[in-house]
Every structure is written in C-alpha cells, then in structure tokens.
Amino acid sequence: MPFNLLVLSCLAYVAFLFLVAFLAERRAAMGRVGWLRSPLIYTLSLSIYCTAWTFYGAVGYAARSGLEFLTIYLGPTLVFVGWWLLLRKLVRIGRQQRVTSIADLISSRFGKSNLLGIVVTLLAVVAATPYIALQLQSVTLSFAVFASETPEGWALPDRDATAIWVAAGLALFTILFGTRNLDANEQHHGVVLAIAVEAVVKLVALLAVGIFVVWGLAGGPADMFARIEASPLRDWSLEPGRWTGLIMVSAAAVICLPRMFQVMVVEGGDERHLARASWAFPLYLLLMSLFIVPIAVIGLERMPEGANPDMFVLTLPLAEGQGTLAMLAFLGGFSSATSMVIVESIALATMVSNHVVMPIWLKLRPKAALTGDVRRIVILSRRLAIIAVLTLGYLYYRMSGGSAALAAIGLIAFVGMAQVMPVLVGGLFWRGATKAGAAAGLVTGFVVWAYTLYLPSFGPDAALSAAVFAEGPAGIGWLRPQALFGVEGMDPLLHALLWSVALNTFAFCLFSVLTFPGPVERMQGAAFVNVFDAEAAGPKGWARGWAEPEALLMMTQRILGDEAALALFAAEARAQGKDGFLPEPTPDFVAGLERRLAGSVGAATAHAMISQLVGRATVSVDDLMAVANETAQIMEYSAQLEAQREELTRTAQQLRAANEKLTQLSVQKDAFLSQISHELRTPMTSIRAFSEILTEGDLPPEMVANYGRIIHEEAIRLTRLLDDLLDLSVLENGSVQLNVGLANLQQLIDRALAAASHTRPERSFLILRDLPAENLFVRTDPDRLVQVFINLISNARKYCDAAAPELRIVVRQRAGRVSVDFIDNGSGIPKQSQRIIFEKFARLTDQTRAGGAGLGLAICREVMANLGGGIDYLPGQGGAAFRVTLPLRLEQKAA
Amino acid sequence: MKRARTPLFLKRRSYRKRRLRDTARMLPVFGLFLMLVPVLWKPADTARADTAPDGIYLFVVWIGLVLVAAVMAPGLADESGSDDPEEG
Numbered sequence: 004m005p006f007n008l009l010v011l012s013c014l015a016y017v018a019f020l021f022l023v024a025f026l027a028e029r030r031a032a033m034g035r036v037g038w039l040r041s042p043l044i045y046t047l048s049l050s051i052y053c054t055a056w057t058f059y060g061a062v063g064y065a066a067r068s069g070l071e072f073l074t075i076y077l078g079p080t081l082v083f084v085g086w087w088l089l090l091r092k093l094v095r096i097g098r099q100q101r102v103t104s105i106a107d108l109i110s111s112r113f114g115k116s117n118l119l120g121i122v123v124t125l126l127a128v129v130a131a132t133p134y135i136a137l138q139l140q141s142v143t144l145s146f147a148v149f150a151s152e153t154p155e156g157w158a159l160p161d162r163d164a165t166a167i168w169v170a171a172g173l174a175l176f177t178i179l180f181g182t183r184n185l186d187a188n189e190q191h192h193g194v195v196l197a198i199a200v201e202a203v204v205k206l207v208a209l210l211a212v213g214i215f216v217v218w219g220l221a222g223g224p225a226d227m228f229a230r231i232e233a234s235p236l237r238d239w240s241l242e243p244g245r246w247t248g249l250i251m252v253s254a255a256a257v258i259c260l261p262r263m264f265q266v267m268v269v270e271g272g273d274e275r276h277l278a279r280a281s282w283a284f285p286l287y288l289l290l291m292s293l294f295i296v297p298i299a300v301i302g303l304e305r306m307p308e309g310a311n312p313d314m315f316v317l318t319l320p321l322a323e324g325q326g327t328l329a330m331l332a333f334l335g336g337f338s339s340a341t342s343m344v345i346v347e348s349i350a351l352a353t354m355v356s357n358h359v360v361m362p363i364w365l366k367l368r369p370k371a372a373l374t375g376d377v378r379r380i381v382i383l384s385r386r387l388a389i390i391a392v393l394t395l396g397y398l399y400y401r402m403s404g405g406s407a408a409l410a411a412i413g414l415i416a417f418v419g420m421a422q423v424m425p426v427l428v429g430g431l432f433w434r435g436a437t438k439a440g441a442a443a444g445l446v447t448g449f450v451v452w453a454y455t456l457y458l459p460s461f462g463p464d465a466a467l468s469a470a471v472f473a474e475g476p477a478g479i480g481w482l483r484p485q486a487l488f489g490v491e492g493m494d495p496l497l498h499a500l501l502w503s504v505a506l507n508t509f510a511f512c513l514f515s516v517l518t519f520p521g522p523v524e525r526m527q528g529a530a531f532v533n534v535f536d537a538e539a540a541g542p543k544g545w546a547r548g549w550a551e552p553e554a555l556l557m558m559t560q561r562i563l564g565d566e567a568a569l570a571l572f573a574a575e576a577r578a579q580g581k582d583g584f585l586p587e588p589t590p591d592f593v594a595g596l597e598r599r600l601a602g603s604v605g606a607a608t609a610h611a612m613i614s615q616l617v618g619r620a621t622v623s624v625d626d627l628m629a630v631a632n633e634t635a636q637i638m639e640y641s642a643q644l645e646a647q648r649e650e651l652t653r654t655a656q657q658l659r660a661a662n663e664k665l666t667q668l669s670v671q672k673d674a675f676l677s678q679i680s681h682e683l684r685t686p687m688t689s690i691r692a693f694s695e696i697l698t699e700g701d702l703p704p705e706m707v708a709n710y711g712r713i714i715h716e717e718a719i720r721l722t723r724l725l726d727d728l729l730d731l732s733v734l735e736n737g738s739v740q741l742n743v744g745l746a747n748l749q750q751l752i753d754r755a756l757a758a759a760s761h762t763r764p765e766r767s768f769l770i771l772r773d774l775p776a777e778n779l780f781v782r783t784d785p786d787r788l789v790q791v792f793i794n795l796i797s798n799a800r801k802y803c804d805a806a807a808p809e810l811r812i813v814v815r816q817r818a819g820r821v822s823v824d825f826i827d828n829g830s831g832i833p834k835q836s837q838r839i840i841f842e843k844f845a846r847l848t849d850q851t852r853a854g855g856a857g858l859g860l861a862i863c864r865e866v867m868a869n870l871g872g873g874i875d876y877l878p879g880q881g882g883a884a885f886r887v888t889l890p891l892r893l894e895q896k897a898a
Numbered sequence: 007m008k009r010a011r012t013p014l015f016l017k018r019r020s021y022r023k024r025r026l027r028d029t030a031r032m033l034p035v036f037g038l039f040l041m042l043v044p045v046l047w048k049p050a051d052t053a054r055a056d057t058a059p060d061g062i063y064l065f066v067v068w069i070g071l072v073l074v075a076a077v078m079a080p081g082l083a084d085e086s087g088s089d090d091p092e093e094g
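Chains as they are written, first to last, in my numbering: chain A, 4 to 898; chain B, 7 to 94.
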C-alpha cells in the first residue's frame, strides 16, 4: 500500500474523530446528553485501559512469556466483577465530592491537603511519561512498518519527525476538546465519545486480524490448537510470584491510572453504568485477549527470524498481502495509542493545573481570586500542561531510543501508579488514615519505586551508575537497587513491587496511627468512609464564618464563567425564597458552592479560595465537638424518651395488675362479709335457740347439760373467730410482742403435729420427715412459729383429697436461713388461686366443713413477716406445697 | 443508632437482595482463586505442552466470571424495594 495513502487515511480518520467529538460537544451543549451518558458509552470509554501496549505489545509479550500477558487483563476483570466492593464507593464519592482526578481524590480525602495533591501529581507524571512515550513509539513503529514496505523505498525521513507530528496532532486534539470548558465535574463529552468510537475500532481491528489468523492462515480452532501445541510457545513457564503479583498490580492500576480514573470516576458514571460495565468491560478485555496467542504463534511460524513480535498484528497481514486488513490493524493501533494519550494528558493536565499551578498562582497573588480571570488562568495552565506532558513523553522517547520492549515500560508505569492504592483503599475504608500517613506512604512508595524500578529501567550508567547496581550506593551492599535488604535473585519487577508496596503500606499505617488528624481531615474522612450513610450530618465547614454574597458571586464568575455563576446564584436565591441573584451565604450554600468550584479547580484550591473570603481557613476542633455533642444530646434525649416510655409501660402494667387484684379482693371481701355474717350467725342462732329452750326450764338435766355444752362450744367458736380477727389486726400493725428464744425445730414440728392431729382425727395421715435435718436450733418466737406450722398441717389434713394422704416435711438450711416445706399429695391449689390464698378472707371453697373464716394463711403470712421470714406457695410439687422460710437467728429491730 | 433500627429479619425479597450483594463481594475472591489454580499445575516445571490447555482453562474461567457478573448486575443496580439500600 502506498505510504501516502496510509497518511491520507490516517488523516481522514483523525478528521472523522474530530467531527464525532465536535458533534457530541454540540449535542451536549444543547443539553441533549441522552445516550452520550449511557452505560454502553461508559463501558467503551473504559477500554482506554487497552492502549497500544495491548494492541501491539500483548502479542510480543505472549511471544516472550506465554500466557503471562493475561495477568494484565485478569486483574481488572476481578476489580470489575467485584465492583460492589470498591468501585461503587469510589464512583459515589467521586460524584458526591466532584472529584477531578485521582490526585484530587487523595487530597480531598486527607483534609484537602495540597501537599498530597502535588505528590500524587508528581508520581502520575513521572509514571505516565514513559507510558506516553510508549504510545508515540508504537505509532512511529507502525508508520515505519508501512514505510519500509513501500515499493519506492520511501523510507521515513526521520522517525523522530513522525513522533513530533503525532505528538503535535494529539496535543491539538486534546487542547481543542479537553480544555474547551471549565465546567463542573470535568466532563468532556466529545472526548468520551471519540474514545468510545476508537474503542470499537481497535476491538474490530484486533478481532479481524485474529479471525484472519485462525480461519485464514490456520484451519480453524482445532488446527489452531494443534499449531499452538507444536509451536515454540507450547510450554510456557508460569512464575508463581510474577503471575500473582501482576494480577494484583494490574488490578491496582485499573483503578489508579490517571486515565482510568478520569473515565471511570470523573467523566461520570453511576451505579447503573458500573453494573453494566462490571461484566461488559471484562468481556471487552476477554475479546481483546482472545486471539493474542494465535497471532503470536502464527507470527512466529511465518515471519522471518528476528522479526519484532511486538508488530506481528501489523506485519502479519502485511506479509500475507492483506493490505486492507493491515490498514484496519494500523488504525486500531493508532486508535489505541491516541485515545490513551488524549485522556492521559487531560487527566495529567487537570492534576498539574489544580494542584501545582493554581496553588502557586494563588500564593503569589492572593487577591487574584477576586480580580483576576481565574478561568483563563486555569484553561491556559491546562493547555500548557498538555503540551508539557506530551513534550516530556516525546523527550523520553528520544532519550530512550525506543528500543525497550513495550511490555516492560507499561509494567513500570503500573507499579508506579499502584503506589496510590494503599492510600486510596485506606482512605476509603479506614477513618483513622491521616494526612501524615498518606504522605509518608506515598513518598516512601514513590522513592522505593523510583530507586528499584524506574531509574534502573534506563539501564546501567544512565540514571544510576553501574557501580551502584553492583555494590550499592557508597558500597552499602544491602541497598543495591535490585537486591534491596539482601533479597537477591528475585525478578526485578516483583522485587520492586514487593518492597515499594510493603514499605508504602507500612509507612502509611504507622504514621496514620501515630499522628492526629486535623478537623477538616476528620470531617472529610467521615464523609468518605461513610459515603453511603445518606445525609450523614457532617459539620458545616463554614458554620461560623461569613462571606459577602457579592464577593462569592464575583469569585464564582471568575471560575465558572458569568452566565453559569449567575444561574447558580439565582437558583439558590430562589430556593431560599429571595428575589434577585444574591442568596444568603448560609453554611450549606457555601459548602455546596465549594464542592461546585472543586469540580473545576480541585478541592484544595476551592477550599483555599473560599477561605480567603469567609476569613476562616478551616473548621475548628470545637465545631467537630459541637456536632458530636449535638448528636450525643439527641441520642441521649431519645434514650431518655425510650426509658420513660418503658417506665410508663411498666407502671401501667403494675396498675392493671393492682386493679385486678383490688377487684378480686373486693369480690372476696363481699363474699367474706356474707361468709362472716354466716359464720357469726350460725353459732349465734344456735346459742339463741338453745338458751331460749333453757330459759323455758323444765328439762331433764342431761339435756340441760347437753344444750349448755353446745352453747359453750358455739361461744368458743365465736371467740376463736374474733381472736383470729384481732390477732390479724395486731400482726398487721406490727405491734405484736414477740417472745424470742432458742428452740429446736424438730420439737416445734412435733408440737405442731400433735396439736394438728385434732383436726379431722378420723383421717390417718402418713407423715414423712427427715429427723436429722430437722434437728437444728433457731432463735425465733417458738409459739408463733408453731402456730404457723399447725395451720399448715391442719390445712393439709383438711383439704388433702388423696385416698392415702401423706405429708412430707422437708427442712433445709442455707446461708443463715431455714426453709421448711410442707408438701402433701393432694390435688394442690389451682393456678389462678395461688396468688390470692394469702389474702385475708380468701376461701377457695364454700365448703363449710373447713370451719375457718379464711384467715389462717393470712395470719401465717403476717406472722412470718414479723419473724423476718416468709411463706410462699411452691408450685409443681405434686400437691399443695408451702415453704416457710425464716432466719436462723432473728435479729429484733427494737430490742 | 441506625443499626438499632434495622430489623433483625427481612422479607424474602430483601433477603435475596442482601445475599446477592454478598455474592457480589465473594465473586472476586473466588475468581482470584480460580485464576491462581494454574500456579499449582506448575507449567514452568513440566515439559508437557500446557500453553493451549492452560489458556483454554483461563478463558473458560474468564467467561464464567463475565456471565455470573452479567446475571447479577441488574439486581445489584436496582436499589428500589430495599429497606436498607446502602448497607448489606
């Protein structure tokens, strides 16, 4: 193919991309964003992960190291299928905080520290320069491939000239579409759409070459399989350390590389986009990798000895006379290289202008935030930064001579950017991560990476002298760059990865733990780590400062432009219910404005500019404490409410129970009154009747004696009843006189049993006792205690309804107290009655055979209370069971 | 304070949603394990021709991960109907 035609089609392709970007920009400017922000475009834009390094380099990598090239794509696959773990949070934070770059994210997380922004920017520029050089090199090489094929022998006049032209063209495109506007969020619709188109081109191109190789040159998959088995690639050597390490490092890189962060977080994207990309992007990577090994194998088979495997994608179709396919492949490679360079330089330029140029400019001219045209400065600094970045890349390309294998350069950049990973993950998930820790980790990682991998990559005697390689700096052997701390014989890349990430993480954790974060840092830390706790009431950064709304408006105009600023202020004023363009500078508004500005100039710069107006640079520790107190107060208040509510519920329950008991008692009392009238009436009646008979006289003496005896008995019964009532009232008043003395419990029970045997003497009761246990002395009022025992035993005799009644008396002594259980084998007391049996006048049955007035157990309870003990009903003993407890020694309250 | 308010047991739909999120968290771990399996096969030590079989294995694992992720993606992206959309 004529070389001129190649240049021509190349230019046509570039013009086409310009057109696409232009139309997208125009569409977005009219507010019709629509499908420009669809998950499909998002996924395609992510494909800038696949640079010329993938397009050309993967085949070369495969030809050299077998399947190891897959690690570069397996790592990102893991990150994306596991998007729920990390990417979701990252994207949410990016949107909420209007993050403009990875440097901005780190700076914003650690208290809007510009120092960290500078460190990350520096790291990114240093790591990206060779990577950009790599893209220039691959485009130049691909041009050279075509040039050498031209029949007229029209060799490129100068490879460097090609590189210059490519770099200049890219700079032009990037400046045109990457720095057109300085709107919030740093979104570039034109660029995104252009790289989405390029993503399709490179995928189609690589698949076309692959299909041609498998089905055109080999005889289909089966034949391809056989050819792989027969090729020099058939036995690859997997080095476990490299395999694992590279999967990890590429997983870190897909998050931390400036261009990936740009398309993944900054250019927009939400959960919906990520969800689609979580499988679509791995699928894209899979398709890109699918034909790499076949192309490498066929390339090694067919191409002459010594051909550069990095160029097989291009040279193979060319050698087979497939001009169109070669053209497509060329455009694919061209797309890969250009899209990477464009987005990378936009990302780097944003970082440089936001974290290096703007802070310096604001420091030099503090008043400029209000008077100078900040917009112009920012855009100018970005344009210059783009040119500078591309120039650096070009210079690196010139200096390195474009000889190193593509894969090596890419991996060096990967390991460099992976240094951000510990700080990033720590910052997102650990509130204890501090600015000092982040700075220490980043600087440590940067230095170790530069010393063990970056500088050595220039070769001996270039950046580091050969003597340093062999003997270490100043002859210190354990500091040799490729054998740090005496770890020799390790793969240099793995060696650098291990030490840089390990020392980085260690320094990060150590300094984080040792230092104390400032208020802004703590605020931001909470906002980042708890990003999903919606509307977490963070302290308002500007709670106590006050800014002139007009000054705020002027400053916003300088950054966002007149129209945008006015619209923003008018909307806020309307939201506050005011007319005009000047809203009240409430803390909420100022904080929102700061975020909005941060979307244009970065968090640190926006914070610095606002603080110039508001007058107070930061929130103070007091503010944080105030918020904490407020929260604590609210929590305490609600806890109090909760406690009060519970207490109310408890009280209501107690009241209900008391009421129920009262009602029951009232019913009982009524029953008792009729009972007692009955009780009093029965003896009275018979006394009256018999005394009447007696007064009539004229009776045989034996009848007189008989009637007299009846009257006497009835009178005794009356007296007993009245005695009981009297006794009870004395006991209840606590005015009872106790005769305390030492008594043997066994004897007391004996007495009680003897006395109670008069009750229903016709029944033969089996008494089960444990005499040795009963044999103990208690200091109490023996007569009163016996009274209780008698009552219980009589009750058992009266009410036990078993055919062969028995009564068990169990005595136990524990911790200075004695318990005496009286357990019979009757049917016991029904559950609903157990609560009231100790109440006065309680009678379970109307059977008058009991003869009592229902005062026995009530008296027992009062007696035991006076004796310092108690009496309870024991449920679940197989019959009625009462437990009497009393102290071994009764201490009298008033002796 | 917030934790105390989340219910201890969930409806069937919310329950499934949480387990889906658990799966989303587990997927990369299992994926990494499967990707590291070739290390155990020691292709470096044996003289056997293992590029092609290893490659096929890795691509099968890869496609499997893509499919599982594709099946889960709509459920994960849908945040509606969940009592606690943010935290699983």
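Idealized CB from N, CA, C, for every residue including glycine.
Taking the C-beta atoms as reference points, Leu82 of chain B is found no nearer than 8 Å to Leu16 of chain B. Out of A:Leu70, A:Lys115, A:Tyr64, A:Leu43, the CA that lies nearest to the CA of Gly528 of chain A is found in A:Lys115. Cβ proximity to chain B below 8 Å picks out Thr80, Leu81, Val82, Phe83, Val84, Gly85, Trp86, Trp87, Leu88 from the region 79-103 of chain A. Taking C-beta atoms as the reference points, Leu891 of chain A and Arg800 of chain A fail to come closer than 8 Å. Shown here, Phe825 of chain A sits in a strand according to DSSP, grouped into three states.
Sorting A:Phe315, A:Arg577, A:Val789 by C-alpha distance to the C-alpha of Asn742 of chain A places A:Val789 at the top. The Cβ of Ile231 of chain A sits closer than 8 Å to at least one Cβ of chain B. The Cβ-Cβ distance between Leu317 of chain A and Leu236 of chain A does not fall below 8 Å.
As computed with DSSP, Val781 of chain A is found in a beta bridge with A:Ala746.
Cβ contact annotation for Ala256 of chain A (same chain, cutoff 7 Å, sequence separation greater than five): Phe417, Met420, Ala421, in chain order. In the three-state reduction of the DSSP assignment, Glu809 of chain A falls in the strand class.
Within chain B, the residues whose beta carbon sits less than 8 Å from that of Arg275 of chain A are Ala83, listed in sequence order. In the three-state DSSP reduction, Asp875 of chain A falls in the strand class (E or B). Contacts with chain A at 8 Å (Cβ-Cβ) do not include Phe39 of chain B.
Residue pairing for Pro495 of chain A: DSSP places it in no beta bridge. If you draw a 10 Å sphere on the C-beta of Ala280 of chain A, you find 16 or more other C-beta atoms in it, and that means buried. By the Cβ-count criterion, Ser677 of chain A is exposed, with fewer than 16 other Cβ atoms from all chains shown falling within 10 Å of its own Cβ. The C-beta of Gly61 of chain B comes closer than 8 Å to at least one C-beta of chain A.
Annotation: the continuous alpha helix (DSSP H) that includes Arg525 of chain A extends over 522-532. A Cβ-Cβ contact shorter than 8 Å links Leu774 of chain A with Gln749 of chain A. Residues Ile44, Leu47, Ser48 of the same chain have their beta carbon placed closer than 6 Å to that of Ala199 of chain A, with the five preceding and five following residues left out of the count. In this structure, the CA atom of Leu860 of chain A is about 13 Å from the CA atom of Leu734 of chain A. Close CB contacts of Ala469 of chain A within its chain, under the 6 Å cut and outside five residues either way in sequence, are with Pro463 (chain order).
The C-beta of Ile75 of chain A comes no closer than 8 Å to any C-beta of chain B. Taking the CA atoms as reference points, Ile752 of chain A sits about 42 Å from Arg653 of chain A.
In the structure shown, the three-state DSSP call for Gln190 of chain A is coil.
In terms of beta-carbon proximity, Val72 of chain B lines the interface with chain A, with at least one pair separated by less than 8 Å.
The C-alpha of Arg561 of chain A is placed about 11 Å away from the C-alpha of Leu569 of chain A. Using a CB distance cut-off of 8 Å, Leu175 of chain A does not count as an interface residue toward chain B.
Residues of chain A whose Cβ lies closer than 8 Å to the Cβ of Leu33 of chain B are, in chain order, Val84, Gly85.
Per the C-alpha coordinates, the member of A:Ala32, A:Ile796, A:Ala136, A:Val739 positioned closest to His761 of chain A is A:Ile796. Per DSSP, Pro484 of chain A is not a residue of any beta strand (DSSP E), being assigned neither H nor E.
Counting along the chain, the unbroken alpha helix (DSSP H) around Ile345 of chain A starts and ends at 326-355. In the DSSP assignment, Thr888 of chain A forms a beta bridge with A:Ser822, A:Gly873.
Residue contact check for Val45 of chain B against chain A: a CB pair falls below 8 Å. Residue burial is scored here from C-beta neighbours: Trp481 of chain A has fewer than 16 other C-beta atoms within 10 angstroms and is therefore classed as exposed.
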